[in-house]
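Read the structure below first, then the notes.
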Amino acid sequence: SSKSTLPYATRAKNHLHPVARRLFDVAEAKKSNVIISADMGTTEELLKLADQLGPYIAVFKTHIDLLSDLSDSTISGLKDLAAKHNFMIFEDRKFIDIGHTVQQQYHDGALRISEFAHVVNASVLAGDGIIEALEQTMAAPNFLYKDERAMLILSEMTTAGSLATGDYTRFCIEIAKKHKKSVIGFVATQALTHFRGSEGGEDEDFVIFTTGVNATTKVDSLGQQYQTPSSAISRGSDFIIVGRGIYAAPNPVAAVKHYQKESWDAYLARTNQ
Ligand code: S5P
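Residues 60 to 332 (the working numbering) are what the sequence shown spells out, left to right.
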């Protein structure tokens, strides 16, 4: 989990997990380390945003349960646009229940997350059984998307007063180290190198996805706290996640291009390119 000074291309070559390799390949091919947090309420808005912003993003993040009209065409539309624009999909479901329940929530169920999401995230409040449960589903012999699915551990949160700090975050790192077959990294505000002992062997390369990113705003009215794209990347984030900063801007395409340039430039600086 060290703050990586290696280019995405090198990390793509070396990573043990095919999903992480693909993430880095997409970033390099599109010169983008931006993830749009597409917190839309209807399929039409969601797919329109995916088509408009698709060329400029590496990953499209969904909260699929926000959609009032989720249907087959939502899922197939998303998959088509992911192929058209070469982006990956991250369902921000934040699994947190017992193993048996999360397997059902992940695979099948109303939301059909395993069908469309290359990446999902989980909280380890209940211990590492949740990771083992999801890993079991991802690795099942009859699972259709084997080697195309992975997860991140939600190891910090951006809200004021978050309890996901210190020993909790350290515990997340320990669990990730034990589950490299399915865990490729963290949702965190920074690289997690300040945790002593978090530096792994040469084969260890956790990917950091960072939420709470906004170029112009510091907070919202409900406890959200922001840092800028260049702050996030210079502190070790590999992919910035931006919601309202892009989709609520007067011109979302102009906004995504701005975030893409700022965070790509920060990445080039961090990796001395
Ligand atoms: O700590 C976190 C973790 C997440 S995944 N803080 C967050 O804000 N998120 C998610 O990122 C949140 O659920 C929302 O979808 C997005 C932030 O949206 P924004 O509009 O504030 O950029």
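All C-beta atoms, glycine included, are put in the ideal place defined by N, C-alpha and C.
Computed from a predicted structure; not experimentally measured.
Between G302 and F268, the C-beta spacing is not below 8 Å.
Remark: the C-beta of Q283 is in contact range of the ligand S5P, defined as less than 7 Å to any heavy atom.
Close CB contacts of P114 within its chain, under the 8 Å cut and outside five residues either way in sequence, are with K89, H144 (chain order). The residue among Q284, D264, E263 with its C-alpha nearest the C-alpha of G271 is Q284. In the DSSP assignment, I157 falls outside any beta strand (DSSP E) and carries neither an H nor an E.
Annotation for G244: the continuous beta strand (DSSP E) segment containing it runs 242-246. For L106, the enclosing alpha helix (DSSP H) covers residues 102-112. Note on the segment 256-311: whole alpha helix (DSSP H) runs with a minimum of 4 residues are 288-293, 303-306, in chain order. Distance from the CA atom of A169 to the CA atom of V161, rounded to whole angstroms, is 13 Å. N73: not part of any beta strand (DSSP E); member of the alpha helix (DSSP H) spanning 67-73, first to last residue. A distance of 8 Å or more separates the beta carbons of V246 and S290. In this model, E321 and D167 are separated by some 38 Å (Cα to Cα). Ranking G158, L112, L106 by CA distance to the CA of I134 puts L106 first. The continuous beta strand (DSSP E) containing A209 extends over residues 209-213. Here DSSP, grouped into helix, strand and coil, assigns F254 to coil. Apart from the 5 residues on each side of it in sequence, H122 sits with its Cβ closer than 6 Å to the Cβ of D98, D151 in its chain, given in chain order. If one requires a minimum length of 4 residues, the alpha helix (DSSP H) runs lying completely within the segment 125-199 are 131-144, 158-165, 172-175, 188-198, in chain order. In this model, T330 and S127 are separated by some 42 Å (Cα to Cα). Excluding its 5 nearest sequence neighbours in each direction, P288 has C-beta neighbours in its own chain below 7 Å: V272, A274, I299, Y318, E321, S322, A325, listed in chain order.
A209 and A223 have their C-alpha atoms some 22 Å from each other. Between V78 and A117, the C-beta spacing is not below 8 Å.
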